[in-house]
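Inspection log for the structure reproduced underneath, given as structure tokens.
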Amino acid sequence: MTYNKKNIEDIDVAGKKVLVRCDFNVPLKDGVITSDKRIVEALPTIKYLLSKGAKVILCSHMGKPKGEVVAKYSLAPVAARLTELLGQNVELAADTIGADAKAKAAALKEGQAMLLENTRFDKREEKNDPEFAKELASMAEIFVNDAFGAAHRAHASTAGVADYLPAVCGYLIQKEIGVMGKALADPERPFVAILGGAKVSDKLNVINNLLTKVDTLIIGGGMAYTFLAAKGYGIGTSLFDETKVDYCREMMAKAEEKGVKLLLPVDTVVAKAFPDPIDAPIDVDVVPSNEIPADKMGLDIGDNTKKLFADAAKSAKTVVWNGPMGVFENPTLAKGTIAVAEALAESEAITIVGGGDSAAACEQLGYASKITHISTGGGASLEFLEGLELPGIACLQDK
Ligand code: AMP
Numbered sequence: 229m230t231y232n233k234k235n236i237e238d239i240d241v242a243g244k245k246v247l248v249r250c251d252f253n254v255p256l257k258d259g260v261i262t263s264d265k266r267i268v269e270a271l272p273t274i275k276y277l278l279s280k281g282a283k284v285i286l287c288s289h290m291g292k293p294k295g296e297v298v299a300k301y302s303l304a305p306v307a308a309r310l311t312e313l314l315g316q317n318v319e320l321a322a323d324t325i326g327a328d329a330k331a332k333a334a335a336l337k338e339g340q341a342m343l344l345e346n347t348r349f350d351k352r353e354e355k356n357d358p359e360f361a362k363e364l365a366s367m368a369e370i371f372v373n374d375a376f377g378a379a380h381r382a383h384a385s386t387a388g389v390a391d392y393l394p395a396v397c398g399y400l401i402q403k404e405i406g407v408m409g410k411a412l413a414d415p416e417r418p419f420v421a422i423l424g425g426a427k428v429s430d431k432l433n434v435i436n437n438l439l440t441k442v443d444t445l446i447i448g449g450g451m452a453y454t455f456l457a458a459k460g461y462g463i464g465t466s467l468f469d470e471t472k473v474d475y476c477r478e479m480m481a482k483a484e485e486k487g488v489k490l491l492l493p494v495d496t497v498v499a500k501a502f503p504d505p506i507d508a509p510i511d512v513d514v515v516p517s518n519e520i521p522a523d524k525m526g527l528d529i530g531d532n533t534k535k536l537f538a539d540a541a542k543s544a545k546t547v548v549w550n551g552p553m554g555v556f557e558n559p560t561l562a563k564g565t566i567a568v569a570e571a572l573a574e575s576e577a578i579t580i581v582g583g584g585d586s587a588a589a590c591e592q593l594g595y596a597s598k599i600t601h602i603s604t605g606g607g608a609s610l611e612f613l614e615g616l617e618l619p620g621i622a623c624l625q626d627k
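Residue numbers (the working numbering): 229 to 627.
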């Protein structure tokens with residue numbers, strides 16, 4: 229999927245009421261924000277609009293209140309943090325499209341911002357209900373979508389409003405579609421994709437689509453064992469999806485047919501049982517991937533595999549990575565994931581890390597600044613890699 233969408237610099241926002249869909253779904257503990265990353269990332273778009281004299285109406289979902297008003301999912305902590313970060317008051321409306329929201333939106337002055345209450349407090353949001361979208365849109369003259377993390381959902385505030393307002397993207401979405409779109413449509417080669425995580429079934433379509441684009445596809449993590457089993461190796465008690473063995477065989481044949489190098493783990497860190505609790509100390513051995521004992525499970529990639537994968541990443545010109553190489557929640561089993569993060573950080577290539585666990589690994593290790601692009605959306609970046617159309621982006625005006 230390639231997109232060439234208008235952004236906030238392509239339209240005149242001065243004096244206009246601009247509805248901005250952000251991803252303020254930040255982690256909270258006892259009502260306190262534990263990471264304000266998503267708020268900080270939204271600031272360039274908000275600041276640009278304010279500096280141009282727009283009247284900025286921010287909105288977002290938070291958590292899964294399932295269409296009910298649930299106090300713990302109020303965006304109040306976000307409004308407070310935005311007020312601090314912007315150095316100007318960002319008032320929170322008491323509702324999303326009710327009387328208070330409308331009155332506050334109508335009273336906004338140029339260069340002021342406000343925040344609507346959680347869009348998912350109304351069950352019509354996730355149904356992309358046209359009446360709800362119309363009410364949201366009625367408060368503004370322009371719609372800006374900057375919530376990449378929610379762009380794979382066709383909800384009222386991510387896509388529906390674009391039926392009623394001229395719609396463009398903010399800087400975050402612009403960067404996501406710019407970097408990932410280029411990697412998929414016109415990559416600098418060699419192009420290497422590294423996939424990990426627990427299940428083959430979650431990444432079926434991603435594997436299928438990437439095989440038409442990459443030079444090398446690397447598969448690690450729990451999903452690798454179904455591939456190893458499909459090659460006829462014994463995998464002991466490792467994660468295994470019997471229903472996907474044929475699919476894995478098909479993908480291996482497709483790789484060969486397309487001339488894509490498919491790299492699987494050549495050695496494996498094994499243990500008697502899955503760690504319980506997940507970060508408990510664990511006794512491990514390392515064995516070749518075709519010699520996994522019948523009573524052991526593979527929980528991370530071994531040293532030879534780390535080197536194999538790292539060398540591929542370092543000699544690439546474009547690398548996309550999504551999903552951990554092992555049970556990285558456990559320090560003993562995190563080494564494969566850390567090695568891949570390190571290889572990306574050291575690579576001269578354009579490096580793109582899909583959201584979720586792999587993004588968190590890069591950030592925790594302090595490598596974030598050495599990665600070209602860390603996607604702000606886990607699910608959305610996977611759908612992008614699958615080649616699917618993202619409704620929250622498709623609805624925006626073309627250049
Ligand atoms: P996903 O949600 O598909 O991205 O997978 C992430 C999860 O995969 C993490 O919680 C890891 O602990 C888990 N994982 C990675 N490798 C393995 C493995 N070899 N066996 C079991 N779980 C794994």
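Ideal Cβ placement from N, Cα and C applies to all residues, glycine included.
The structure displayed is predicted, hence computed values, not measured ones.
Classify residue i: buried if its beta carbon has 16 or more other beta carbons within 10 angstroms, exposed otherwise.
| i | result |
| --- | --- |
| residue 284 | buried |
| residue 373 | buried |
| residue 230 | exposed |
| residue 269 | buried |
| residue 317 | exposed |
| residue 404 | buried |
| residue 597 | exposed |
| residue 402 | buried |
| residue 246 | buried |
| residue 429 | exposed |
Look at the alpha carbon of residue i and the alpha carbon of residue j, and state the distance between them as a whole number of angstroms.
| i | j | result |
| --- | --- | --- |
| residue 616 | residue 610 | 9 angstroms |
| residue 584 | residue 606 | 5 angstroms |
| residue 422 | residue 413 | 18 angstroms |
| residue 451 | residue 329 | 47 angstroms |
| residue 484 | residue 426 | 24 angstroms |
| residue 504 | residue 487 | 41 angstroms |
| residue 473 | residue 274 | 48 angstroms |
| residue 618 | residue 542 | 31 angstroms |
| residue 557 | residue 250 | 29 angstroms |
| residue 233 | residue 348 | 26 angstroms |
| residue 280 | residue 525 | 58 angstroms |
| residue 435 | residue 331 | 49 angstroms |
| residue 438 | residue 565 | 21 angstroms |
| residue 200 | residue 379 | Any property of residue 200 remains undetermined from this structure, which presents the chain solely from 229 to 627. |
| residue 560 | residue 495 | 16 angstroms |
| residue 586 | residue 552 | 6 angstroms |
| residue 322 | residue 298 | 12 angstroms |
| residue 309 | residue 345 | 15 angstroms |
| residue 335 | residue 600 | 41 angstroms |
| residue 368 | residue 361 | 11 angstroms |
| residue 489 | residue 481 | 11 angstroms |
| residue 457 | residue 544 | 28 angstroms |
| residue 339 | residue 241 | 11 angstroms |
Please check the pair residue i and residue j, which I expect to be a contact at CB under 8 angstroms, by giving their CB distance rounded to whole angstroms.
| i | j | result |
| --- | --- | --- |
| residue 235 | residue 377 | About 18 angstroms separates the two Cβ atoms, so there is no contact after all. |
| residue 550 | residue 491 | Their Cβ separation, rounded to whole angstroms, is 15 angstroms, which puts residue 550 and residue 491 out of contact at 8 angstroms. |
| residue 568 | residue 530 | Contact flag wrong, Cβ pair sits at about 13 angstroms. |
| residue 420 | residue 547 | 5 angstroms |
| residue 415 | residue 431 | The Cβ separation is near 19 angstroms, so there is no contact. |
| residue 502 | residue 448 | Going by Cβ atoms, the distance from residue 502 to residue 448 rounds to 17 angstroms, so no, they are not a contact pair. |
Short of 6 angstroms in beta carbon distance, which residues of its chain neighbour residue i, apart from the five on each side in sequence? Order them along the chain.
| i | result |
| --- | --- |
| residue 255 | 262 and 263 |
| residue 387 | 619, 620 and 623 |
| residue 444 | 420, 489 and 540 |
Which residues does DSSP list as the beta-bridge partners of residue i?
| i | result |
| --- | --- |
| residue 341 | 284 and 318 |
| residue 546 | 419 and 578 |
| residue 601 | 580 |
| residue 373 | 249 and 397 |
Excluding the 5 residues flanking residue i on each side, which residues of the same chain have their C-beta closer than 8 angstroms to its C-beta?
| i | result |
| --- | --- |
| residue 337 | 283 |
| residue 314 | 271, 274, 275, 278 and 341 |
Spatial neighbours of residue i within its chain, please: C-beta separation below 7 angstroms, excluding the five flanking residues on both sides.
| i | result |
| --- | --- |
| residue 467 | 426, 450 and 453 |
| residue 574 | 542 |
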